[in-house]
């Protein structure tokens, strides 16, 4: 008989704390963009995801891995709907979404915090 004991994190993923970090990173980065350029946005999305990943590591959440999704697009007075589905541990895993836009560009960031057993 297998008895698997689950260790819970002593410092779990805090969605409020993560959302504040995203706001501090995303707002200035998007506000520096004066116009939409798809080639610049390719690099910006890579840069933002790396900066966010580094910031997440500094939060020192015990036994968590992160999936970071950054979506950038041009504002054209149209709507965009994004959805996702995940299979995870509702006791430990969590996510945060943050959306910010200026007159030219929108940015939608999702950070998934997945507990690593």
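Numbering (full-length UniProt numbering), first residue to last: 1 to 117. Ideal Cβ positions, reconstructed from N, Cα and C, are used throughout, including at glycine. Since we're looking at a predicted model, the values are computed, not measured.
Through-space distance from residue j to residue i, alpha-carbon basis
| i | j | result |
| --- | --- | --- |
| residue 18 | residue 101 | 19 Å |
| residue 113 | residue 71 | 18 Å |
| residue 30 | residue 104 | 9 Å |
| residue 13 | residue 92 | 8 Å |
| residue 9 | residue 77 | 43 Å |
| residue 111 | residue 88 | 14 Å |
| residue 117 | residue 35 | 44 Å |
N-terminal and C-terminal residue of the alpha helix (DSSP H) that residue i is part of
| i | result |
| --- | --- |
| residue 130 | Here the chain covers residues 1 to 117 and nothing more, so residue 130 does not appear. |
| residue 176 | What is shown of the chain runs 1 to 117, which leaves residue 176 out entirely. |
Residue i versus the options, residue with shortest Cα-Cα distance
| i | options | result |
| --- | --- | --- |
| residue 37 | 75, 55, 81 | 75 |
| residue 107 | 56, 58, 33, 15 | 33 |
| residue 82 | 89, 90, 73, 88 | 73 |
Assumed close pair residue i, residue j - CB separation to whole angstroms, cut-off 8 Å
| i | j | result |
| --- | --- | --- |
| residue 23 | residue 98 | 6 Å |
| residue 53 | residue 66 | 6 Å |
| residue 48 | residue 25 | 7 Å |
| residue 43 | residue 115 | Their Cβ separation, rounded to whole angstroms, is 32 Å, which puts residue 43 and residue 115 out of contact at 8 Å. |
| residue 69 | residue 109 | 7 Å |
Endpoints, the beta strand (DSSP E) within which residue i is located
| i | result |
| --- | --- |
| residue 79 | Premise fails: residue 79 is in no beta strand (DSSP E) and is neither H nor E. |
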